[in-house]
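Notes follow the structure.
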Amino acid sequence: MTKGKHIAASSKKVQRVRTNKRSSAFYAASGANAHSCAAVRPNVATRRSAAIKVSVAICVAIVIAWGAGLGLASAGGSALMSFSNDNQKSDQPTTETSIDLTKTAALGEVSQRDVSAGVAEIAAEEEAARIAAEEAARRHEAQCIEKAKAAQVKSAANGGIGVYAVDFSIGRDAFIAEWTSRINNYLDGSPLAGYGATFAEAAWENGVDPRWSPAISNTESTKGRNCFSWHNAWGWTGGSWPSWDSAIRAHVKGLAEVYGFTISFSNAQRYCPPNYANWYRDTLNEMAKI
Numbered sequence: 001m002t003k004g005k006h007i008a009a010s011s012k013k014v015q016r017v018r019t020n021k022r023s024s025a026f027y028a029a030s031g032a033n034a035h036s037c038a039a040v041r042p043n044v045a046t047r048r049s050a051a052i053k054v055s056v057a058i059c060v061a062i063v064i065a066w067g068a069g070l071g072l073a074s075a076g077g078s079a080l081m082s083f084s085n086d087n088q089k090s091d092q093p094t095t096e097t098s099i100d101l102t103k104t105a106a107l108g109e110v111s112q113r114d115v116s117a118g119v120a121e122i123a124a125e126e127e128a129a130r131i132a133a134e135e136a137a138r139r140h141e142a143q144c145i146e147k148a149k150a151a152q153v154k155s156a157a158n159g160g161i162g163v164y165a166v167d168f169s170i171g172r173d174a175f176i177a178e179w180t181s182r183i184n185n186y187l188d189g190s191p192l193a194g195y196g197a198t199f200a201e202a203a204w205e206n207g208v209d210p211r212w213s214p215a216i217s218n219t220e221s222t223k224g225r226n227c228f229s230w231h232n233a234w235g236w237t238g239g240s241w242p243s244w245d246s247a248i249r250a251h252v253k254g255l256a257e258v259y260g261f262t263i264s265f266s267n268a269q270r271y272c273p274p275n276y277a278n279w280y281r282d283t284l285n286e287m288a289k290i
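Take 1 as the starting number for the sequence shown in this note's numbering and just add one per residue.
Below you can see the structure in the form of structure tokens.
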């Protein structure tokens, strides 16, 4: 009996222990859940606070946008009204506008007259300059003709041959055209080929027989083929020149200043003292070919 009671008592004791364990586990779980809920609650509150702030911000933005829209609409309406008023004003010209237009037209007419007057003045000045240049050219041409005639007379008195075979009275252009062609034909194929115009122009300006310098170039250097110095086809002063053009003009000018209009026996003696007779004969024969 005692043993049986002990067993029963033990059984009850075990049952109480199990019950206590379940209660402990239950309270432990309840405590854990309590702690867990306590931890969750602040997060929920935070989210609610953030949501409220966002809602407030959205409302504020909507209000601002609505107010800005009203401002733009008001400005647009004012601009449209102003544009409309301006159009109405522009469609109704005032007396001041008419006066301004009249003044502008008057100023335009005055400006046009000024421009026309300026153009006419410039044209008149240019015409006067052209006439003056033509008169100066005619005077110079007449002077060259008179100069050549005087040189011809003087040369004829000193024994010049073929003095009057050259006619200056035909005028500058005709003179240069004629003698350019004749001299170019004579110098064809030589180093001096193509310089007929230079010889003709220099002869006209200095009142010299245009045949004389080309003929001397043949006597002295075979038309520039055998020169003892640069561009010196005439044995002239022992000097040299940078080009045929400058050399030709210098030689023709020297003939006019030192020897006169054309070849003569006395001029041959002065130009080539050692062999003047042959020089005179050969040069005169060459002049006849031009």
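C-beta: ideal position from N, C-alpha, C; glycine also.
- Uninterrupted beta strand (DSSP E) stretches at least 3 residues long and entirely within the stretch 118 to 192 do not occur.
- The beta carbon of C144 lies closer than 8 Å to those of F168, R172, W204, E205, G207 in the same chain, with the five residues before and after it left out.
- Between the stretch 116 to 125 and the stretch 227 to 246, the count of Cβ pairs shorter than 8 Å is below three; the stretches do not touch.
- In this structure I183 touches I290 by the C-beta definition: roughly 6 Å separates them, less than 8 Å.
- A check of alpha carbon separations from P210 across E220, K253, H140 identifies K253 as the nearest.
- DSSP places I263 in the coil class of the three-state scheme, outside both helix and strand.
- Pairwise C-beta distances place the stretch 155 to 168 in contact with the stretch 259 to 267, as three or more of them are shorter than 8 Å.
- W241 carries a coil assignment under DSSP once its states are collapsed to helix, strand and coil.
- When P274, R270, S217 are compared, the shortest CA-CA separation from A247 is found for S217.
- Each residue's CA atom was taken as its position, placing A177 and A151 some 22 Å apart.
- Cα atoms of T198 and E125: separation of roughly 34 Å, rounded to the nearest angstrom.
- Annotated three-state conformation of V208 is coil, per DSSP.
- Here DSSP, grouped into helix, strand and coil, assigns W279 to helix.
- G196 counts as buried, since at least 16 other C-beta atoms from the protein chains shown sit within 10 angstroms of its C-beta.
- Residue E257 holds the alpha-carbon nearest to the alpha-carbon of K154 among E257, T283, Y280, Q269.
- The residue among K223, T283, G235, T104 with its C-alpha nearest the C-alpha of G189 is K223.
- For the 8 Å CB-CB criterion, L192 and A233 form a contact.
- S213 sits close to L255, with the two beta carbons spaced by under 8 Å.
- Sequence-distant partners of W244 (beyond 5 residues in either direction) whose C-beta falls short of 7 Å from its own C-beta, in its chain, are L192, Y195, H231.
- For V163, the CB contacts under 7 Å within the same chain, skipping 5 residues up- and downstream, are Q152, S155, A156, F261, T262 in chain order.
- In the three-state reduction of the DSSP assignment, K289 falls in the helix class.
- Ranking R139, S221, E121, A202 by CA distance to the CA of D282 puts S221 first.
- In this structure, T219 and E286 form a Cβ contact; the two beta carbons are roughly 7 Å apart against a cut-off of 8 Å.
- Per the coordinates, the alpha-carbon of A174 lies some 15 Å from the alpha-carbon of A165.
- If you draw a straight line from the Cα of C272 to the Cα of W279, it is about 7 Å long.
- Burial state of A288 is exposed, judged by a 10 Å Cβ sphere holding fewer than 16 other Cβ atoms.
- In this structure, the CA atom of G108 is about 42 Å from the CA atom of A136.
- Cβ-Cβ distances below 6 Å link W236 to H251 in the same chain, with the five nearest sequence neighbours on each side left out; the list follows chain order.
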